[in-house]
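Undergrad:
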Amino acid sequence: MQVIILPSAHDVALFAADRVVDVINTKTNPVLGLATGSTPIALYKELVARYQSRQVSFRHTISFNLDEYIGIADSHQQSYRTFMNQHLFESIDIVATNTYVPLAESQNADTLKKSAQDYEVSIQQAGGIDLQILGIGLNGHIGFNEPTSSFASRTRIKTLSESTVAANKRFFKEGEYQPHLALTMGIGTILESKSVLLMATGKAKAEAVKAMVEGPLSAMCPASALQLHELATIVLDEEAASLLT
Ligand code: F6R
C-alpha cells in the first residue's frame, strides 16, 4: 500500500485524473472501476475537461461502477446510474453500453442474486478491472461493504449501516424514500482489480483513513483489506491524513 499526501483536495483530483488517463492511454481496452459520492466529483470534472481539450478519449474504455441502491429505478434522480450519467458519462465519448452499473431496480432476491452473479461474469469477460477508483466511508466502508463484510466477499446484496444511511441522507429530499439496501461489488472483487486508487479528502475522513492505513487488518474496517493489495495507492489531502503517525 502506497500512501501519498497532497496539499489539497484539488491536487488529489488531479493526481487521480493523471492515473486514469495513464491507464486509458497505455491499455488497448482499458477497464475502469468507478465510484460515486462526493469525493470523485472533482476527478470526474477534471476528466471531462481533459476529454474536452482532447487529452483523452474514452471510446475504447469499459467501466464498472462499484454499487447501486436496490429498489429505485435507473432513472431515479438519486440512482448511481443517474449520478454517473450526469457527472461523467454524458460529457465524454464513452460508449453507453460499455458503462456498467449493477442492475438493482428489482426487489426480488433471486433476480438480484442473478444480477450480482452476472456482474461478476461481465467483469471477468472484460478482462478484469485495470484501475479501481474508491472513496472511503466514515465507517471505513469501500463500495457498500460495510463493517463485518468478509474480505472474500463478491458482488452481493448488502444492508447499509445506520451511519451510511445517515451520511447519505443529504442527497435525498425531505420525505423522499431512501434505500437501505444496495448491490455492491465485494471486497474480494475489489482486491482482484489490477490496481486500486482510493481517494480521501477532508477532516471527517481522518479516523477512517488512520484505521485503513495504520490499523490491523479487520473486517470492522473494510478498507484495511487494501493493505493486502500490492498496487493499492491511497491519495489523501492533508486534512484526511491529519491523524496518521
Ligand atoms: C460509492 C461508494 C462509497 C463512497 C463512500 C464515500 O460508490 O463506493 O463507498 O465512496 O461512501 O462517499 P463520499 O465520497 O460521499 O464521502
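Per our numbering, the sequence shown runs over residues 1 to 245.
Each residue gets a CB set at the ideal place from its N, CA and C atoms; glycine is no exception.
For residue 15, report the span of its beta strand (DSSP E) as first-last.
TA: Your numbering for residue 15 matches position 15 in the sequence shown. No beta strand (DSSP E) holds residue 15; the alpha helix (DSSP H) holding it covers 9–26.
Undergrad: Taking DSSP's pairing of strands, which residues face residue 63 in a bridge?
TA: By 1-based counting over the sequence shown, the position of residue 63 is 63. The partner list for residue 63 (beta bridge, DSSP) reads 32 and 99.
Undergrad: Between which two residues does the beta strand (DSSP E) holding residue 156 run?
TA: Taking the first residue of the sequence shown as position 1, residue 156 is located at position 156. Its beta strand (DSSP E) spans residues 156–159.
Undergrad: Can you grab the Cα-Cα spacing for the pair residue 148 / residue 217, in whole Å?
TA: The residue given as residue 148 occupies position 148 in the sequence shown. The residue given as residue 217 occupies position 217 in the sequence shown. One C-alpha to the other measures close to 12 Å.
Undergrad: Based on the DSSP output, what are the partners of residue 2 in its beta bridges?
TA: Within the sequence shown, numbered from 1, the residue matching residue 2 stands at position 2. Bridge partners of residue 2: 233.
Undergrad: If distances are taken between C-alpha atoms only, which option among 141, 203 and 180 comes closest to residue 224?
TA: Taking the first residue of the sequence shown as position 1, residue 224 is located at position 224. Per the Cα distances, 141.
Undergrad: My output table needs one value for residue 56: the three-state DSSP class, helix, strand or coil.
TA: Locating residue 56 in the sequence shown gives position 56, counting from the first residue. Residue 56: coil per DSSP, three-state reduction.
Undergrad: Just checking residue 10 against the ligand F6R - is the residue's beta carbon closer than 7 Å to any of the ligand's heavy atoms?
TA: Within the sequence shown, numbered from 1, the residue matching residue 10 stands at position 10. Not under cutoff, so the answer is no.
Undergrad: Would you give the residue range spanned by the beta strand (DSSP E) that residue 133 belongs to?
TA: Walking along the sequence shown from the start, residue 133 turns up at place 133. It spans 131–134 - the beta strand (DSSP E) in which residue 133 sits, taken as one unbroken run.
Undergrad: Roughly how far, in whole angstroms, is the beta-carbon of residue 145 from the beta-carbon of residue 187, given that I think they are within contact range, below 8 Å?
TA: Within the sequence shown, residue 145 is the residue found at index 145, counting from 1. Within the sequence shown, residue 187 is the residue found at index 187, counting from 1. Sure, about 5 Å apart at Cβ, within 8 Å.
Undergrad: Give me the residue from 130, 103 and 133 with the minimum Cα distance to residue 119.
TA: Position 119 of the sequence shown, counted from the start, is the residue given in the question as residue 119. Taking only the C-alpha atoms, the option nearest residue 119 is 103.
Undergrad: Please identify the residue among 13, 220 and 61 whose C-alpha is closest to the C-alpha of residue 31.
TA: Sequence index remark: in the sequence shown, residue 31 carries index 31 (1-based). Ranking the options by Cα distance to residue 31, first place goes to 61.
Undergrad: Pick out whichever of 63, 185 and 208 has its Cα sitting closest to the Cα of residue 298.
TA: For residue 298 there is no data in the structure shown, the boundaries of the chain being 1 and 245.
Undergrad: Which word fits residue 196, buried or exposed, when buried means at least 16 other C-beta atoms lie within 10 angstroms of its C-beta?
TA: Your numbering for residue 196 matches position 196 in the sequence shown. Buried: at least 16 other Cβ atoms inside 10 Å.
Undergrad: Taking DSSP as the reference, what is the three-state secondary structure of residue 184?
TA: Reading the sequence shown from its first residue, position 184 is the one you call residue 184. In the structure shown, residue 184 sits in a strand (DSSP, three-state: E or B).
Undergrad: Does the Cβ of residue 99 lie closer than 7 Å to at least one heavy atom of the ligand F6R?
TA: For this step, residue 99 is matched to residue 99 along the sequence shown. It does not: the Cβ of residue 99 is nowhere closer than 7 Å to a heavy atom of the ligand F6R.
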